[in-house]
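The structure appears below as C-alpha cells.
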Amino acid sequence: MKTLAVPSALTSACLFAVGLVALDSPGANAAAVKLPANCSSAKPTIGVALPNTVNPYYISMQDSFNKHGTALGYDIKVAIANDSDSNQLSQVESFIQQGVCAVALNAVNSGPGAASVHALNQAGIPVFTVNVIVSADDLKAQHASFVEYVGADQVAGGAQIGERVLKDRGNSAKIVAGIIGDPDQIPTNQRDKGFSDAISKNPNAKVVQTINGKVDPNVSLQVAGDMLQGHPDIDVIWADTGPHAVGALQAINQQGKAGTVKLYAFCAADTALTATYAACAAQEPADYARIVLDNLKKYLGGTSVPAQVLQPLKIFVTGQKPGPGEVG
Amino acid sequence: MLPAPTVRVAPLRVRRLPEEAGIFAVLVVVVLALSLISPSFRTVSNGFVLLVNGSVITFLALGQAFVLLTGGIDLSTGANIAMTGVTAALLMQAGLPWPLAALLALAAATLLGVINGSLTHFLRIPAFIATFSTQGVALAIPLIVTGAQSISVHDYGFAWIGQGRLLGLPTPVMLIALAAVTAGLFLRSTRLGVHIYALGGNRAAARLAGVNVARTTVFVYAVSGFCAGMGGLIATSRLMVGFPATGTGNELFYSIAAAVVGGVSLFGGVGTVLGAMIGAVLIAVVSNGMNVINVQSYWQSLVIGVIILIGVTFDTYRRSHKDKPVLRGGRAADNSARPAPRAPVVSPPPISENLVEPSNSP
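Residue numbers (this note's numbering), protein chains in the order written: chain A, 52 to 379; chain B, 37 to 398.
Structure follows, in C-alpha cells:
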C-alpha cells in the first residue's frame, strides 16, 4: 500500500505536468487570437486614452473616436490624462479592471507609454497606439508590444516643410532658423529632424537654437519672444506643433518682425496662412481615429493588420486655410 | 554753583539698508552676469520682452503677497487666469465691447477671490484646502463651458491690454507698475493695510485690538483674485485666444516663489510689495536669460532653482546679521550697528539752580 502510493503519486504528478504543458504549448498566434471576453459581447467596449483635450488635435480625435466607434457598434470609453503619465497609467489600469475589449492609446510621452502597453499586454488586451510613438527601446526592455501604430509620417512632414523653406528662399540663401519643439516627445523630435535634415541641403542654412514650447501656446509665445531677442538675425522659425505655431505667430507680430521672420509650422487650428505664416503641414487626427477603429474591427474579426500605418500630411501655403480638424 | 551738565547726544544717523536690499543685490548681480554673457540680453527691447513675459507672474505675485501677509495662501490664482481669459473671450464672442467684457471678467475673478476669503474665514477651512478646491472649480468651468475648445478673440481693441503701449511703455508693464505703487502705498499708509500686517503678525492680538478679521481676510483674497484676473486678461490679450489651460503651468508656483524670494514670509506679517516685485522680476530675468543665452531646456529649472537658493540664502544671512556693521570704519559706522539710537543722557539741574537762574537751563 505505502510502496504503491509513491509511484502512483509520481505518475499522477507527471501526467498532470504533461497535461499542463500540452495545454500551454502555444501556437504561433495564440496571443493574438486569445481576446478578452468583452470582445464577444454584443457591444464591445473600447478604451481610448488621450493626453488632454485642450489641444484642438485631441478634440478632433476624440470626436472621431466617439462618432465612428458608435457607428461600428462599439461602446467607446474615453479617458483624458491631463498630460500626466501617471494619470494615464492609472486610467489604463482602470480600463483593465473594467475588462475592456481593446485599448487605443495616445501616450502622453513616448517613454512612459511603454508601461501602459506592458500592463495591457499582461491583461491580454490588444493595444493600438496612435499619434505618439511609444519608445521602441522601452517596449523591448519591458517585453511589451502593440498590435498597430497609426499616425502621420512625422519625419516626412518635417522634411516637406523644410523643402518648402528652401523652395521659398533658395537653395543657397543664408537661412538662420530657430526651432520651437518639445524634446520629450518622439513625434516632435522626428519632425524637427526631418526639417533640419531637409534644410541642411542648403550649406548656408543653420539652426541656431531649439527651444521647448511644451506644446502650450502661452509658453511658446514667451520662449519665442526670448529666442527672437537672443538671436535677432533669425529669419525662419519652425514650430513643430499647432500650439507652438499660435504662440510663435503672436511673438513675431508683437516684436514687429512680421516682415523679416517667416513661420513654418505644423498647422495651428483654424488659422489662415499669410505672408508671415508661410506654410504648414496638417495632420488629420479624425482620420487616424477612424483607421484605428477600422483596423481594430478587422483584427477582432481575425484578420491580420499591418504593424504601422503612416498617413501623409497635407501641406498648406500662403493664402490657404486648413479646414476644421486639419491640425498640427 | 555747579556747572551746567554737558549733554552728549549720540548722532541719530542710523545707516540701515532697506529690507529688500539683499534680494535687489542678487537681482543686480544676475542681470550683470547675463548682460556680460550675452549682448542681446542687455538691449532695451529685450528688457521690455522680459518684463512683458513676466507680467502675469508679477501680477500673481502681487496678489499672493497680500494673502501671504495675513498668513494665508491662494492656490487658485493659476486657474483663475484661465477662467478670466475664457470668460472675457466668451463675452466678446457674445458681442460685448471689449472694455465691458474685460471688466465683467475681472469682476468674476474678484468674486472667486471673495469666495475664497469667505470660505477661509466664515467656514474656518484652512486656506490651503479652500483655495485648492476653488482651483479645481475654476479650472473646470472654462473646460465645461467651452467643451475644451479655445475661443478666438476677434475684437482687436482687446489686444491693447497685452500688446499695446501706455505712455510709451508696454501696457502690461505700466499696469503692473501702477498696481504695485498703489498696493505699496496702500499697505504702508492706510488703516486696512496696517490691519493686514497685524493679522499676519499675531492673529489673536489683532482681533482683540479691534481689527475686523472678516473684512480684512475677504479683502486680501479679493485682491488676489483681482490680480489673477488682470493676469488672465494680459495672457489672453497677448494670445488673442481664450485658452482653457492658460495659467495652469508654472505660474502659480513661480508667483509664490517670487513673493517668498522677495521677503514675504509664508507665515505672515512680514514682507513688502517692493520685495515681491523684485522677486518676480528676478524670476522673469532668469527665465528670459536662460532662453536668450541658449541654455538647454533641461538645465533651466536647475539654474532657476540654484539662483533662487543662493539668493535667498544670501538674503537670509544678511537679515540675521543686520545688527553687525555692514561697513567697517568710522564712528558713524559703529553707531549704525546699534539697533536704536541712544537716548541723550541729561541729569536734571538741582532745583535751587532752576529757581535762581532760569536762563541756565538748556
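All C-beta atoms in this analysis are idealised placements derived from N, C-alpha and C, irrespective of residue type, glycine included.
Hey, could you find the ends of the beta strand (DSSP E) residue i is sitting in?
i                      : result
residue 257 of chain A : 256 to 263
residue 308 of chain A : Unbroken run through residue 308 of chain A: none, as it is neither H nor E.
residue 367 of chain A : 365 to 368
residue 153 of chain A : 153 to 156
residue 356 of chain A : Segment: none, residue 356 of chain A is in no beta strand (DSSP E) and carries neither H nor E.
residue 328 of chain A : 328 to 333
At a cut-off of 6 angstroms, would you count residue i as near the ligand ZN, judging by its Cβ distance to the nearest heavy atom?
i                      : result
residue 229 of chain B : The model on display carries no ligand, and the ligand ZN is accordingly not part of it.
Do residue i and residue j have their C-beta atoms within less than 7 angstroms of each other?
i                      : j                      : result
residue 116 of chain A : residue 99 of chain A  : yes
residue 290 of chain B : residue 270 of chain B : no
residue 282 of chain B : residue 118 of chain B : yes
residue 232 of chain B : residue 105 of chain B : yes
residue 299 of chain A : residue 279 of chain A : no
residue 371 of chain A : residue 324 of chain A : yes
residue 178 of chain B : residue 122 of chain B : yes
residue 168 of chain A : residue 195 of chain A : yes
residue 113 of chain B : residue 86 of chain B  : no
residue 314 of chain B : residue 60 of chain B  : yes
residue 346 of chain B : residue 322 of chain B : no
residue 199 of chain B : residue 305 of chain A : yes
Could you check the C-alpha separation between residue i and residue j for me, to the nearest Å?
i                      : j                      : result
residue 224 of chain B : residue 305 of chain B : 13 angstroms
residue 288 of chain B : residue 358 of chain A : 43 angstroms
residue 265 of chain B : residue 141 of chain B : 7 angstroms
residue 131 of chain B : residue 278 of chain B : 15 angstroms
residue 77 of chain B  : residue 53 of chain B  : 29 angstroms
residue 289 of chain A : residue 89 of chain B  : 21 angstroms
residue 403 of chain A : residue 345 of chain A : For residue 403 of chain A there is no data in the structure shown, the boundaries of chain A being 52 and 379.
residue 228 of chain A : residue 333 of chain A : 21 angstroms
residue 182 of chain B : residue 320 of chain A : 16 angstroms
residue 357 of chain B : residue 299 of chain B : 15 angstroms
residue 267 of chain B : residue 81 of chain B  : 22 angstroms
residue 215 of chain A : residue 330 of chain A : 8 angstroms
residue 146 of chain A : residue 257 of chain B : 41 angstroms
residue 213 of chain A : residue 240 of chain A : 14 angstroms
residue 293 of chain B : residue 101 of chain B : 10 angstroms
residue 309 of chain A : residue 342 of chain B : 37 angstroms
residue 237 of chain A : residue 161 of chain A : 6 angstroms
residue 369 of chain A : residue 259 of chain A : 25 angstroms
residue 129 of chain A : residue 157 of chain A : 11 angstroms
residue 143 of chain B : residue 201 of chain A : 46 angstroms
residue 379 of chain A : residue 343 of chain A : 19 angstroms
residue 187 of chain A : residue 111 of chain A : 27 angstroms
Which of the three DSSP states is assigned to residue i in this structure?
i                      : result
residue 126 of chain A : strand
residue 369 of chain B : For residue 369 of chain B, the pLDDT reaches just 42, beneath the cut-off of 50, and the residue's location in the model is therefore unreliable, although a value from the coordinates is still provided. If DSSP states are grouped into helix, strand and coil, residue 369 of chain B belongs with the helices.
residue 101 of chain A : strand
residue 199 of chain A : strand
residue 161 of chain B : coil
residue 317 of chain A : strand
residue 93 of chain B  : helix
residue 236 of chain A : coil
residue 343 of chain B : helix
residue 371 of chain A : coil
residue 223 of chain A : coil
residue 131 of chain A : strand
Terminal residues of the continuous alpha helix (DSSP H) containing residue i?
i                      : result
residue 180 of chain A : Note, residue 180 of chain A: premise wrong, no alpha helix (DSSP H); beta strand (DSSP E) at 178 to 181.
residue 211 of chain A : 205 to 220
residue 73 of chain B  : 57 to 73
residue 227 of chain A : Note, residue 227 of chain A: premise wrong, no alpha helix (DSSP H); beta strand (DSSP E) at 226 to 232.
residue 290 of chain A : No alpha helix (DSSP H) holds residue 290 of chain A; the beta strand (DSSP E) holding it covers 287 to 290.
residue 257 of chain B : 249 to 275
Does any C-beta atom of chain A lie closer than 7 angstroms to the C-beta of residue i?
i                      : result
residue 280 of chain B : yes
residue 184 of chain B : yes
residue 76 of chain B  : yes
residue 333 of chain B : yes
residue 328 of chain B : yes
residue 85 of chain B  : yes
residue 275 of chain B : yes
State yes or no: is the beta carbon of residue i nearer than 7 angstroms to at least one beta carbon in chain B?
i                      : result
residue 104 of chain A : yes
residue 110 of chain A : yes
residue 268 of chain A : yes
residue 286 of chain A : no
residue 159 of chain A : no
residue 99 of chain A  : no
residue 206 of chain A : no
Quick one: list the residues of chain D neighbouring residue i, beta-carbon separation under 7 angstroms, in chain order.
i                      : result
residue 129 of chain A : Within the model displayed, chain D is absent; protein chains A and B are what it includes.
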